[in-house]
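> Heads up, the sequence shown is in my numbering, so the first residue is 6 and it goes up one at a time. Where is the CB? At the ideal position from N, CA and C, for every residue including glycine. Being a predicted model, the structure only gives us computed values, none of them experimental. A single structure is presented below for examination.
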Amino acid sequence: MTDHGHSQQEIIERINAPPGRGVLRDVIYGGIDGSVTTFAIVAGVAGAGLSPFVIVALGLANVLADGFSMAAGNYSGTKAELDNIRRIRAIEERHISLYPGGERREVREILAQKGLSGRVLDQATDEITSDQDNWINLMIESEYGLGSVDPNPIKAAMATFLAFLVAGLIPLLPFLLSVEHAFATSAWMTGGMFFAIGAIKSRWSLAPWWRSGGETLLIGGLAAGIAYWVGSLFHP
(Lines of atoms letter the chains of each structure in order from A and count residues from 1; the text may use other names and numbers.)
(Lines give C-alpha, C1' and ligand atoms only; values in the text may rest on other atoms or scores of the structure.)
Protein backbone atom coordinates (compact mmCIF):
# COMPACT_ATOMS: atom_id res chain seq x y z
CA MET A 1 0.00 0.00 0.00
CA THR A 2 1.39 3.39 -1.01
CA ASP A 3 1.12 6.24 1.47
CA HIS A 4 0.93 9.85 0.37
CA GLY A 5 1.01 13.19 2.09
CA HIS A 6 -2.06 15.20 3.01
CA SER A 7 -0.76 18.74 3.21
CA GLN A 8 -2.73 21.24 1.13
CA GLN A 9 0.07 21.55 -1.43
CA GLU A 10 0.50 17.78 -1.75
CA ILE A 11 -3.22 17.31 -2.22
CA ILE A 12 -3.37 20.01 -4.93
CA GLU A 13 -0.40 18.54 -6.80
CA ARG A 14 -1.76 14.98 -6.61
CA ILE A 15 -5.30 15.88 -7.70
CA ASN A 16 -4.05 18.06 -10.57
CA ALA A 17 -1.74 15.33 -11.90
CA PRO A 18 -3.57 11.99 -11.65
CA PRO A 19 -1.42 9.05 -12.83
CA GLY A 20 -4.20 7.53 -14.94
CA ARG A 21 -4.14 3.85 -15.76
CA GLY A 22 -0.35 3.75 -16.09
CA VAL A 23 1.55 0.87 -17.70
CA LEU A 24 1.34 -1.74 -14.92
CA ARG A 25 -1.15 -3.86 -16.85
CA ASP A 26 0.95 -3.61 -20.02
CA VAL A 27 4.19 -4.61 -18.25
CA ILE A 28 2.60 -7.57 -16.44
CA TYR A 29 0.81 -8.70 -19.59
CA GLY A 30 3.91 -8.41 -21.77
CA GLY A 31 6.22 -10.02 -19.20
CA ILE A 32 4.02 -13.05 -18.56
CA ASP A 33 3.26 -13.59 -22.22
CA GLY A 34 6.92 -13.19 -23.17
CA SER A 35 7.99 -15.83 -20.66
CA VAL A 36 5.15 -18.22 -21.42
CA THR A 37 5.29 -18.14 -25.22
CA THR A 38 9.08 -18.29 -25.48
CA PHE A 39 9.43 -21.12 -22.99
CA ALA A 40 6.52 -22.89 -24.66
CA ILE A 41 8.55 -22.86 -27.88
CA VAL A 42 11.67 -23.99 -26.01
CA ALA A 43 9.73 -26.79 -24.30
CA GLY A 44 7.97 -27.87 -27.49
CA VAL A 45 11.15 -27.97 -29.57
CA ALA A 46 13.10 -29.67 -26.77
CA GLY A 47 10.28 -32.19 -26.38
CA ALA A 48 10.59 -32.97 -30.07
CA GLY A 49 14.32 -33.62 -29.58
CA LEU A 50 15.54 -30.92 -31.96
CA SER A 51 18.90 -29.15 -31.74
CA PRO A 52 19.69 -26.13 -29.51
CA PHE A 53 20.26 -24.08 -32.68
CA VAL A 54 16.64 -24.60 -33.69
CA ILE A 55 15.51 -23.69 -30.19
CA VAL A 56 17.46 -20.42 -30.28
CA ALA A 57 16.33 -19.55 -33.82
CA LEU A 58 12.65 -20.13 -33.10
CA GLY A 59 12.89 -18.50 -29.67
CA LEU A 60 14.49 -15.31 -31.00
CA ALA A 61 11.96 -15.18 -33.83
CA ASN A 62 9.17 -15.44 -31.27
CA VAL A 63 10.62 -12.75 -29.00
CA LEU A 64 10.93 -10.24 -31.83
CA ALA A 65 7.89 -11.09 -33.95
CA ASP A 66 5.40 -11.92 -31.21
CA GLY A 67 6.67 -9.08 -29.04
CA PHE A 68 6.15 -6.60 -31.85
CA SER A 69 2.76 -8.13 -32.63
CA MET A 70 1.65 -7.77 -29.03
CA ALA A 71 2.90 -4.20 -28.88
CA ALA A 72 1.10 -3.36 -32.12
CA GLY A 73 -2.08 -4.97 -30.85
CA ASN A 74 -1.87 -3.10 -27.56
CA TYR A 75 -1.23 0.15 -29.44
CA SER A 76 -4.28 -0.40 -31.64
CA GLY A 77 -6.46 -1.38 -28.70
CA THR A 78 -5.38 1.56 -26.57
CA LYS A 79 -5.80 3.94 -29.51
CA ALA A 80 -9.31 2.58 -30.08
CA GLU A 81 -10.04 3.26 -26.41
CA LEU A 82 -8.70 6.80 -26.80
CA ASP A 83 -10.74 7.34 -29.97
CA ASN A 84 -13.85 6.16 -28.15
CA ILE A 85 -13.28 8.66 -25.34
CA ARG A 86 -12.86 11.44 -27.90
CA ARG A 87 -16.05 10.31 -29.66
CA ILE A 88 -17.99 10.39 -26.39
CA ARG A 89 -16.55 13.79 -25.54
CA ALA A 90 -17.79 15.12 -28.90
CA ILE A 91 -21.22 13.63 -28.26
CA GLU A 92 -21.43 15.30 -24.86
CA GLU A 93 -20.31 18.63 -26.31
CA ARG A 94 -23.11 18.38 -28.90
CA HIS A 95 -25.68 17.39 -26.27
CA ILE A 96 -24.71 20.30 -24.03
CA SER A 97 -25.10 22.64 -26.99
CA LEU A 98 -28.46 21.22 -28.12
CA TYR A 99 -30.03 20.06 -24.84
CA PRO A 100 -28.43 22.05 -21.99
CA GLY A 101 -31.43 21.60 -19.72
CA GLY A 102 -31.44 17.83 -20.05
CA GLU A 103 -27.69 17.58 -19.59
CA ARG A 104 -27.91 19.79 -16.53
CA ARG A 105 -30.53 17.47 -15.05
CA GLU A 106 -28.14 14.56 -15.64
CA VAL A 107 -25.42 16.37 -13.67
CA ARG A 108 -27.89 17.05 -10.88
CA GLU A 109 -28.88 13.37 -10.74
CA ILE A 110 -25.25 12.24 -10.67
CA LEU A 111 -24.48 14.58 -7.78
CA ALA A 112 -27.65 13.57 -5.95
CA GLN A 113 -26.55 9.92 -6.16
CA LYS A 114 -23.24 10.95 -4.62
CA GLY A 115 -25.13 12.20 -1.55
CA LEU A 116 -25.68 15.91 -2.24
CA SER A 117 -29.10 17.46 -1.65
CA GLY A 118 -30.95 20.72 -1.20
CA ARG A 119 -29.12 23.99 -1.61
CA VAL A 120 -25.72 22.31 -1.71
CA LEU A 121 -26.90 20.21 -4.67
CA ASP A 122 -28.12 23.31 -6.49
CA GLN A 123 -24.84 25.15 -5.91
CA ALA A 124 -22.70 22.19 -6.95
CA THR A 125 -24.74 21.73 -10.13
CA ASP A 126 -24.33 25.43 -10.94
CA GLU A 127 -20.57 25.33 -10.36
CA ILE A 128 -19.92 22.24 -12.46
CA THR A 129 -22.12 23.28 -15.38
CA SER A 130 -20.48 26.72 -15.45
CA ASP A 131 -17.31 25.09 -16.87
CA GLN A 132 -17.82 22.90 -19.93
CA ASP A 133 -14.62 20.86 -19.43
CA ASN A 134 -15.57 19.97 -15.87
CA TRP A 135 -19.09 19.25 -17.03
CA ILE A 136 -17.96 16.85 -19.75
CA ASN A 137 -15.38 15.16 -17.52
CA LEU A 138 -18.06 14.43 -14.92
CA MET A 139 -20.32 12.94 -17.58
CA ILE A 140 -17.52 10.78 -19.01
CA GLU A 141 -16.66 9.38 -15.58
CA SER A 142 -20.16 8.99 -14.13
CA GLU A 143 -22.38 8.31 -17.14
CA TYR A 144 -19.96 6.20 -19.22
CA GLY A 145 -17.69 4.82 -16.50
CA LEU A 146 -14.52 6.02 -18.25
CA GLY A 147 -11.51 7.77 -16.73
CA SER A 148 -10.90 11.45 -17.32
CA VAL A 149 -7.18 10.78 -17.94
CA ASP A 150 -6.69 9.70 -21.55
CA PRO A 151 -4.63 6.52 -22.20
CA ASN A 152 -1.32 6.77 -24.06
CA PRO A 153 -1.07 4.24 -26.95
CA ILE A 154 2.68 4.76 -27.56
CA LYS A 155 3.57 4.30 -23.89
CA ALA A 156 1.36 1.21 -23.64
CA ALA A 157 2.94 -0.37 -26.73
CA MET A 158 6.52 0.35 -25.61
CA ALA A 159 5.89 -1.03 -22.12
CA THR A 160 4.43 -4.23 -23.58
CA PHE A 161 7.26 -4.74 -26.06
CA LEU A 162 10.09 -4.09 -23.59
CA ALA A 163 8.54 -6.34 -20.93
CA PHE A 164 8.01 -9.07 -23.53
CA LEU A 165 11.59 -8.71 -24.80
CA VAL A 166 13.23 -8.87 -21.36
CA ALA A 167 11.09 -11.71 -20.00
CA GLY A 168 11.14 -13.59 -23.30
CA LEU A 169 14.92 -13.74 -23.44
CA ILE A 170 15.21 -15.46 -20.06
CA PRO A 171 14.29 -18.98 -21.34
CA LEU A 172 16.82 -18.62 -24.18
CA LEU A 173 19.83 -17.54 -22.13
CA PRO A 174 21.05 -21.07 -21.23
CA PHE A 175 21.01 -22.02 -24.93
CA LEU A 176 22.66 -18.78 -26.04
CA LEU A 177 25.40 -19.31 -23.44
CA SER A 178 25.73 -23.05 -24.21
CA VAL A 179 25.10 -23.97 -20.59
CA GLU A 180 25.24 -27.66 -19.69
CA HIS A 181 21.76 -29.12 -19.17
CA ALA A 182 20.39 -26.04 -20.91
CA PHE A 183 16.77 -27.13 -20.93
CA ALA A 184 16.64 -27.85 -17.19
CA THR A 185 18.37 -24.54 -16.49
CA SER A 186 15.94 -22.74 -18.78
CA ALA A 187 13.00 -24.32 -16.97
CA TRP A 188 14.29 -23.19 -13.56
CA MET A 189 15.05 -19.69 -14.78
CA THR A 190 11.67 -19.36 -16.46
CA GLY A 191 9.92 -20.62 -13.34
CA GLY A 192 11.81 -18.03 -11.35
CA MET A 193 10.70 -15.34 -13.81
CA PHE A 194 7.06 -16.45 -13.52
CA PHE A 195 7.26 -16.31 -9.74
CA ALA A 196 9.07 -12.94 -9.75
CA ILE A 197 6.47 -11.34 -12.03
CA GLY A 198 3.68 -12.56 -9.79
CA ALA A 199 5.49 -11.48 -6.62
CA ILE A 200 6.12 -7.99 -8.03
CA LYS A 201 2.49 -7.79 -9.14
CA SER A 202 1.39 -8.29 -5.52
CA ARG A 203 2.71 -4.82 -4.72
CA TRP A 204 -0.44 -3.45 -6.39
CA SER A 205 -2.86 -5.95 -4.86
CA LEU A 206 -3.98 -7.21 -1.46
CA ALA A 207 -2.68 -10.73 -2.11
CA PRO A 208 0.56 -11.77 -0.33
CA TRP A 209 3.62 -11.90 -2.56
CA TRP A 210 4.04 -15.67 -2.27
CA ARG A 211 0.44 -16.37 -3.31
CA SER A 212 0.58 -14.03 -6.29
CA GLY A 213 3.94 -15.48 -7.31
CA GLY A 214 2.69 -19.04 -6.96
CA GLU A 215 -0.42 -18.31 -9.00
CA THR A 216 1.62 -16.88 -11.88
CA LEU A 217 4.07 -19.78 -11.65
CA LEU A 218 1.21 -22.26 -11.87
CA ILE A 219 -0.30 -20.56 -14.94
CA GLY A 220 3.03 -20.38 -16.76
CA GLY A 221 4.00 -23.91 -15.73
CA LEU A 222 0.78 -25.36 -17.12
CA ALA A 223 1.31 -23.62 -20.46
CA ALA A 224 4.90 -24.83 -20.66
CA GLY A 225 3.92 -28.37 -19.66
CA ILE A 226 1.30 -28.55 -22.40
CA ALA A 227 3.81 -27.31 -24.99
CA TYR A 228 6.41 -29.87 -23.89
CA TRP A 229 3.85 -32.67 -24.04
CA VAL A 230 2.74 -31.68 -27.55
CA GLY A 231 6.36 -31.46 -28.68
CA SER A 232 7.13 -34.89 -27.24
CA LEU A 233 4.45 -36.39 -29.50
CA PHE A 234 6.68 -35.57 -32.46
CA HIS A 235 9.87 -36.95 -30.91
CA PRO A 236 11.38 -39.43 -33.36
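CA-CA distance, ARG109 and TRP140?
If you take the alpha carbons of ARG109 and TRP140, they lie about 9 Å apart.
> Tell me which residues share the same chain as SER40 and place their Cβ nearer than 8 Å to its Cβ, disregarding the 5 neighbours each side in the sequence.
So the qualifying residues of the chain are ALA172, GLY173, ILE175, PRO176, THR195, MET198, PHE199, ILE202 and GLY225.
> If we call anything under 7 Å between Cβ atoms a contact, is TRP209 one with LEU29?
yes
> When DSSP labels each residue in this structure, what does LYS160 get in the three-state scheme?
helix
> Taking HIS186 as the reference, give the member of GLY106, ILE37, GLU86 and PRO57 with the closest Cα.
PRO57
> Report the rounded CA-to-CA distance for ASN3 versus ALA168, giving the unit in angstroms.
Past the edges of the chain, shown from 6 to 241, lies residue 3, and the structure says nothing about it.
> Looking at the structure shown, is LYS84 part of a helix, part of a strand, or coil, going by DSSP?
Secondary structure at LYS84: helix, using DSSP grouped into helix, strand and coil.
> Is VAL184 helix, strand or coil by DSSP?
coil
> In whole angstroms, what separates the C-alpha of ALA161 from that of GLY72?
13 Å
> Name the two residues that bound the continuous alpha helix (DSSP H) containing TYR34.
29-52
> Quick check: ILE46 and LEU63, are their CB atoms within less than 7 Å of each other?
yes
> At which residues does the alpha helix (DSSP H) containing GLY225 begin and terminate?
214-237
> Sorted by chain position, which residues of the same chain lie with C-beta nearer than 7 Å to GLY78's C-beta, five sequence neighbours on each side aside?
Excluding residues within five positions, none has a Cβ falling inside 7 Å.
> I need the straight-line Cα distance from THR83 to VAL32, nearest angstrom please.
Cα to Cα, the separation comes out at about 14 Å.
> Terminal residues of the continuous alpha helix (DSSP H) containing TRP140?
Annotation: the continuous alpha helix (DSSP H) that includes TRP140 extends over 137-147.
> Leaving out five residues on either side along the sequence, give the residues of the same chain with a beta carbon under 6 Å from the beta carbon of PHE188.
Within the same chain, PHE188 has close Cβ partners ALA51.
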